[in-house]
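Trainee:
Numbering (the numbering used here), first residue to last: 52 to 194.
(1) If we require 4 or more residues per run, which alpha helix (DSSP H) segments fall completely within the stretch 57 to 124?
(2) Identify the continuous alpha helix (DSSP H) that holds residue 187 and give its terminal residues.
(3) To the nearest angstrom, how far is it from the Cα of residue 161 to the Cα of residue 68?
(4) State buried or exposed for residue 181, treating a residue as buried only when at least 16 other CB atoms are found within 10 Å of its CB.
(5) Please classify residue 54 as buried or exposed, where buried requires at least 16 neighbouring CB atoms within 10 angstroms.
(6) Tell me which same chain residues have a C-beta within less than 6 Å of the C-beta of residue 62, skipping the five on either side of it?
(7) Between the beta-carbon of residue 79 and the beta-carbon of residue 156, is there less than 8 Å?
(8) Where does residue 119 land, buried or exposed, given buried means 16+ other C-beta within 10 angstroms?
(9) Considering Cα atoms alone, identify which of 107, 81 and 59 is closest to residue 152.
(10) When the Cα atoms are used, what is the spatial distance from residue 149 to residue 133?
(11) DSSP state of residue 52, grouped into three classes?
(12) Mind checking residue 191: buried by the 16 CB within 10 Å criterion, or exposed?
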């Protein structure tokens, strides 16, 4: 465990890359959940099982309130654009959300790769400097 903390000290100057990685991973997870949740109305519209809600719910921050608000918005979309138009809007939004999810996942990978590469570069430089400091006798006797 002590060796792990010694290696972890090399990451202190590049802490912002680790923070960026966490933020981008959280955003990618959020968009992944949103894309999965959008499949439910997509399938309901495709199968013709849409419950039309004409009154907007009063409670917004409960599970039933959020679901009712979403169903109310879907009803408004169906009434304004028709079932095929609503299906098109939901399909496009699913594609856009998947693109955002993949974009943030890519940014998270870029951030963690920068972190890893810079830490490895610093460790290699430290080892190289240590090898240069050692006397020539050390290199002749140790193989």
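Don't be surprised by glycine CBs; every beta carbon is placed ideally from N, CA and C.
Mentor: Straight from the coordinates:
(1) 66 to 98
(2) 187 to 192
(3) 9 Å
(4) exposed
(5) exposed
(6) 170
(7) yes
(8) buried
(9) 81
(10) 24 Å
(11) coil
(12) exposed
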